[in-house]
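Working notes, structure below.
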Amino acid sequence: MCVSTRFPEAIPLSNIKAKTIVQALTKFFTLFGLPKSIQSDQGSNFMSGLFQQVMQELGIKQFRSSAYHPESQGALERFHQTLKNMILMYCQDTERSWNEGIHLLLFAARDSVQESLGFTLLYSVELVFGHTVRGPLKLLKEKLLVDDDSSLNLLEYV
21 MCVSTRFPEA IPLSNIKAKT IVQALTKFFT LFGLPKSIQS DQGSNFMSGL FQQVMQELGI
81 KQFRSSAYHP ESQGALERFH QTLKNMILMY CQDTERSWNE GIHLLLFAAR DSVQESLGFT
141 LLYSVELVFG HTVRGPLKLL KEKLLVDDDS SLNLLEYV
């Protein structure tokens, strides 16, 4: 999650070993660019020699949160809770695997207004791509506001 915009991203992983995380982050960096710093917990995967070496080679400073103190990453922990609830609902409603719908769930989360920021996270996407992004809430609003008179014949309309 970006500290400045709170723009979230989630990548399904088969495990949380250092090698898997490094591969996922490398793919993430090719899309969003190399950050100057990254914050992590003190899990063995983030403390491993491999992870440290990759961060050093990419010129990324790693900040570590206090052990057993998730409050130090409060916004991220809160988003994890929200995303877990969304995943649970998705799996119950669709009877599909969570990783099939993760991208749709992230899109929906980004389209909701962030109370602390006062705007949706899609706004930051608009700044990057230069156009308004149509999200699920905008689509729903459009469908509700459409005056569907086309189904009426002339006599019913008058």
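In my numbering, the protein residues as written are 21 to 178.
C-beta: ideal position from N, C-alpha, C; glycine also.
From a predicted model like this one, the values you see are computed outputs, not experimental measurements.
Distance between residue j and residue i (C-alpha atoms, nearest Å)
i    : j    : result
L98  : F48  : Looking at the sequence provided, one finds Arg at residue 98 rather than Leu. Rounded to whole angstroms, R98 to F48 spans 22 Å at the Cα level.
R154 : Q101 : 25 Å
S57  : L33  : 22 Å
Q73  : L160 : 46 Å
L125 : I41  : 21 Å
I36  : M67  : 12 Å
V23  : K158 : 25 Å
S132 : H151 : 18 Å
E162 : R116 : 28 Å
V145 : S64  : 33 Å
D113 : H123 : 16 Å
L96  : M21  : 7 Å
L164 : G53  : 38 Å
L51  : G138 : 26 Å
Residue j beta carbon less than 7 Å from that of residue i
i    : j    : result
L78  : A38  : no
Y110 : G121 : yes
P55  : I80  : yes
Own chain, CB closer than 6 Å to residue i, minus 5 neighbours either side, in chain order
i    : result
Q82  : I58 and M75
W118 : I107 and C111
T46  : none
Cutoff 8 Å; reference residue i; Cβ partners in own chain excluding five residues on either side
i    : result
A129 : P28, F99, T102, L103, M106 and L141
D60  : Per the sequence presented here, residue 60 reads as Ser, with Asp not at that position. Only F66, Q82, F83, R84 and S85 meet the Cβ criterion.
Check: residue i C-beta below 6 Å from any heavy atom of the ligand ATP
i   : result
T25 : What this structure holds is no ligand at all, so the ligand ATP is not there to describe.
Residues near residue i in its chain [Cβ-Cβ closer than 7 Å; skip 5 each side]
i   : result
A44 : I31 and L33
### Task
Ignoring anything shorter than 4 residues or poking outside the stretch 93–119, list the alpha helix (DSSP H) runs there in chain order.
94–114
### Message
So within the stretch 42–93, which uninterrupted alpha helix (DSSP H) runs reach at least 4 residues, ignoring any that extend past its ends?
### Response
Segments of the alpha helix (DSSP H) lying fully in the stretch 42–93: 64–67 and 69–77.
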